[in-house]
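Numbering (my numbering), first residue to last: 67 to 364.
In this text, a Cβ means the ideal position worked out from N, Cα and C, and glycines have one as well.
Structure first, then comments.
Structure representation (structure tokens):
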């Protein structure tokens, strides 16, 4: 009886600890595409049971809404990359939002806010806008880097980008670099996407503006990879999970190509890897040699 009583007391003391153990934020939140009445927010957690975003018109608590994801999916690398689509928003409006993980409000040293697209069409001049274009973000990871001087030269530029006041960033490919130890396995690919996304200096940038992306060889697979890469379906799944484009390829023609509109400008995102032939093929002997495939350029 004495042993049973002691066990019950210990269990009672430990229960609040177990109950209060909350998941953690790994990266994000990141603003993906923006539309007149919708936007998407991506982020990643670890060991979370419930993740909630509360959002409202700026200074309008009476408009508060929320989206909740319970029992988040776990990637092959152990993280929980999440995507929140916020629908039927007010047009041309400013919103603020908060993030809660397992009942614990998350705090940030920068504001969490976004604006929806104004309905300017047929009504007034198109809005002016600015954006950042960048490629080739090699982030050092010594255990997996090649010997010698690291390729990465620091991450401070991301903080300057965050402070620029631009409306969005267009990531043009090689947004991360899959190493040999990454692209040789499914879990390795998902590890690289999770690891690089969690870089501290990226977090203010992800929250400060919207983001669109395509890829090149290094976030698709090995150097100069083409359509024969055996894990291209895996890298496509990881890319679509971590980025927030409005669309990716077509139902019968997978890929990362797509289009988005900002103001009166249309941006066409091309996929130069999924259907790419070997660059060493002789063009004269292989007149149909292509970097794009047929579908995305017709």
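Tell me, to the nearest whole angstrom, how far the beta carbon of residue i is from that of residue j; I am working on the premise that it is less than 8 Å.
{"i": "residue 309", "j": "residue 141", "result": "Residue 309 to residue 141, Cβ: 14 Å. No contact."}
{"i": "residue 311", "j": "residue 324", "result": "6 Å"}
{"i": "residue 248", "j": "residue 210", "result": "7 Å"}
{"i": "residue 232", "j": "residue 198", "result": "5 Å"}
{"i": "residue 342", "j": "residue 292", "result": "4 Å"}
{"i": "residue 222", "j": "residue 267", "result": "6 Å"}
{"i": "residue 242", "j": "residue 302", "result": "The Cβ separation is near 14 Å, so there is no contact."}
Applying the 10 Å Cβ sphere with the 16-neighbour rule, what's the burial state of residue i?
{"i": "residue 188", "result": "exposed"}
{"i": "residue 326", "result": "buried"}
{"i": "residue 154", "result": "exposed"}
{"i": "residue 299", "result": "exposed"}
{"i": "residue 77", "result": "Since pLDDT at residue 77 reaches only 46, below the 50 mark, its modelled position is unreliable, and the value read off the structure follows with that caveat. When all chains shown are included, residue 77 counts as exposed."}
{"i": "residue 339", "result": "buried"}
{"i": "residue 253", "result": "exposed"}
{"i": "residue 269", "result": "buried"}
{"i": "residue 146", "result": "buried"}
{"i": "residue 157", "result": "exposed"}
{"i": "residue 347", "result": "exposed"}
{"i": "residue 107", "result": "buried"}
{"i": "residue 367", "result": "The requested residue 367 does not occur in the structure, where the chain is confined to residues 67 to 364."}
{"i": "residue 214", "result": "exposed"}
{"i": "residue 80", "result": "For residue 80, the pLDDT reaches just 47, beneath the cut-off of 50, and the residue's location in the model is therefore unreliable, leaving the point undetermined."}
{"i": "residue 226", "result": "exposed"}
{"i": "residue 98", "result": "buried"}
{"i": "residue 363", "result": "exposed"}
Just to confirm, are residue i and residue j a CB contact at a threshold of 8 Å?
{"i": "residue 258", "j": "residue 244", "result": "yes"}
{"i": "residue 148", "j": "residue 224", "result": "no"}
{"i": "residue 284", "j": "residue 240", "result": "yes"}
{"i": "residue 110", "j": "residue 89", "result": "no"}
{"i": "residue 274", "j": "residue 228", "result": "yes"}
{"i": "residue 124", "j": "residue 160", "result": "yes"}
{"i": "residue 178", "j": "residue 162", "result": "yes"}
{"i": "residue 182", "j": "residue 105", "result": "yes"}
{"i": "residue 236", "j": "residue 333", "result": "yes"}
{"i": "residue 337", "j": "residue 280", "result": "yes"}
{"i": "residue 100", "j": "residue 150", "result": "no"}
{"i": "residue 234", "j": "residue 328", "result": "yes"}
{"i": "residue 238", "j": "residue 200", "result": "yes"}
For residue i, collect the residues of the same chain with a Cβ closer than 6 Å to its Cβ; drop the 5 residues on either side in sequence, then sort them by chain order.
{"i": "residue 361", "result": "319"}
{"i": "residue 367", "result": "Since the first residue of the chain shown is 67 and the last is 364, residue 367 is not available in this structure."}
{"i": "residue 330", "result": "192"}
{"i": "residue 260", "result": "143 and 145"}
{"i": "residue 135", "result": "117 and 148"}
{"i": "residue 304", "result": "255, 256 and 259"}
{"i": "residue 307", "result": "147"}
{"i": "residue 359", "result": "341"}
{"i": "residue 356", "result": "343"}
Beta-carbon within less than 8 Å of residue i's beta-carbon, same chain only, minus the 5 sequence neighbours each way: which residues are those?
{"i": "residue 172", "result": "91, 164, 165 and 166"}
{"i": "residue 316", "result": "361"}
{"i": "residue 84", "result": "Residue confidence is low: residue 84 scores 48 on pLDDT, short of 50, so the model does not pin down where it sits. Its coordinate-derived value is still stated next. Nothing meets the Cβ criterion."}
{"i": "residue 132", "result": "118, 119, 120 and 121"}
{"i": "residue 74", "result": "With a pLDDT of 46 at residue 74, under the threshold of 50, the modelled position of that residue is not reliable, and the figure given next carries that caveat. Excluding sequence neighbours, residue 74 sits near nothing in its chain."}
{"i": "residue 289", "result": "283"}
Looking only at its chain, what residues have a beta carbon closer than 7 Å to the beta carbon of residue i, apart from the 5 residues adjacent to it on each side?
{"i": "residue 114", "result": "89, 138, 146, 167 and 168"}
{"i": "residue 82", "result": "With a pLDDT of only 47 at residue 82, under the threshold of 50, the placement of this residue in the model should not be trusted, and no figure is reported."}
{"i": "residue 230", "result": "198"}
{"i": "residue 102", "result": "157, 182, 183 and 185"}
Exercise for the section: Within the region 80 to 136, note down every full beta strand (DSSP E) run reaching 3 residues or more, in order along the chain. Expected result: 90 to 100, 105 to 112, 116 to 123 and 131 to 136
Handout entry: Any beta strand (DSSP E) of 3 or more consecutive residues that is wholly inside the region 226 to 260
Key = 234 to 237
Problem - Start-end ranges of the beta strand (DSSP E) lying completely within the region 135 to 202, minimum 3 residues - result: 146 to 152, 160 to 167, 179 to 181 and 197 to 200
Handout entry: Runs of beta strand (DSSP E) lying entirely within the region 268 to 332, each at least 3 residues, in chain order
Key = 276 to 279 and 324 to 328
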